[in-house]
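Asker: Would you mind keeping the following structure in view while I ask a few things?
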Amino acid sequence: MAGQNISHRGVIVSIEGSQASVEIVSTSACASCHAAGLCGASESSTKVINARIRPWESFQVGQEVDVCLSRNLGLKAVMISYVIPLLILLILILFLSIVTDSELLAGLIGIAGVGAWYFVLYLFRDSLGGEYEFTMIPRVGD
1 MAGQNISHRG VIVSIEGSQA SVEIVSTSAC ASCHAAGLCG ASESSTKVIN
51 ARIRPWESFQ VGQEVDVCLS RNLGLKAVMI SYVIPLLILL ILILFLSIVT
101 DSELLAGLIG IAGVGAWYFV LYLFRDSLGG EYEFTMIPRV GD
């Protein structure tokens with residue numbers, strides 16, 4: 001099952017009904033380097049994710065858990081947020097570079113096309129967000 005899920009270690013910060021807020025720390029690849037403190041290139045950020053608590057589970061605030069999401073949904077999110085906007089940008093810029101002589105116009109319309117894509121995503125955020133459901137499993141020792 002580990003190959004089918006993407007999981008991150010987190011700590012439960014609050015529980016309300018069947019939802020728990022879990023704080024996870026995202027770190028860049030170089031954050032684990034022994035010289036990360038001196039380099040300054042490493043970065044980490046704290047994120048709070050809402051995860052579902054199934055009726056038969058019980059969790060406590062402060063408990064360490066693994067927050068899981070289906071790998072397929074993670075790949076779909078990457079497609080929606082990164083790959084499709086890149087394709088929109090490339091197609092618009094390449095097409096408009098052929099049709100018009102103005103690179104500035106082609107670039108601006110390409111950026112506007114990507115902005116329009118993100119605006120459409122914003123409008124449909126509730127229906128898209130319903131597909132992405134995080135679950136938790138208790139963290140067992142390393």
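In the numbering used here, the protein residues as written are 1 to 142. Heads up, the beta-carbon is just placed ideally off N, CA and C, and yes, glycines get one too. Note that this is a predicted model, so its numbers are computed, not measured.
(1) Does the beta-carbon of Ser7 have 16 or more other beta-carbons within 10 angstroms, so that it is buried, or is it exposed?
(2) Do the CB positions of Arg9 and Glu57 come within less than 8 Å of each other?
(3) Flag Ile24 as yes when its Cβ comes closer than 7 Å to any non-hydrogen atom of the ligand FMN, and as no otherwise.
(4) Do you know how far the Cα of Leu73 is from the Cα of Val99?
(5) Can you tell me which of Ile137, Gln4, Trp117, Ile15 puts its alpha carbon nearest to the alpha carbon of Ser81?
(6) What does the alpha-carbon distance come out to for the pair Ser18 and Val120?
(7) Under 6 Å Cβ to Cβ from Val13, same chain only, skipping five residues before and after it: list those, please.
(8) Does the beta-carbon distance from Leu69 to Tyr132 come in below 8 Å?
(9) Which of the three DSSP states, helix, strand or coil, is assigned to Met1?
(10) List the residues that DSSP assigns as beta-bridge partners of Ser81.
Answerer: Short version:
(1) buried
(2) no
(3) Annotation note on the ligand FMN: not contained in the displayed structure, which lists no ligands.
(4) 37 Å
(5) Trp117
(6) 30 Å
(7) Ser21, Glu23
(8) yes
(9) Low per-residue confidence applies at Met1: pLDDT is 43, beneath 50, and the placement is therefore not dependable enough to give any value.
(10) Per DSSP, none; premise fails for Ser81.
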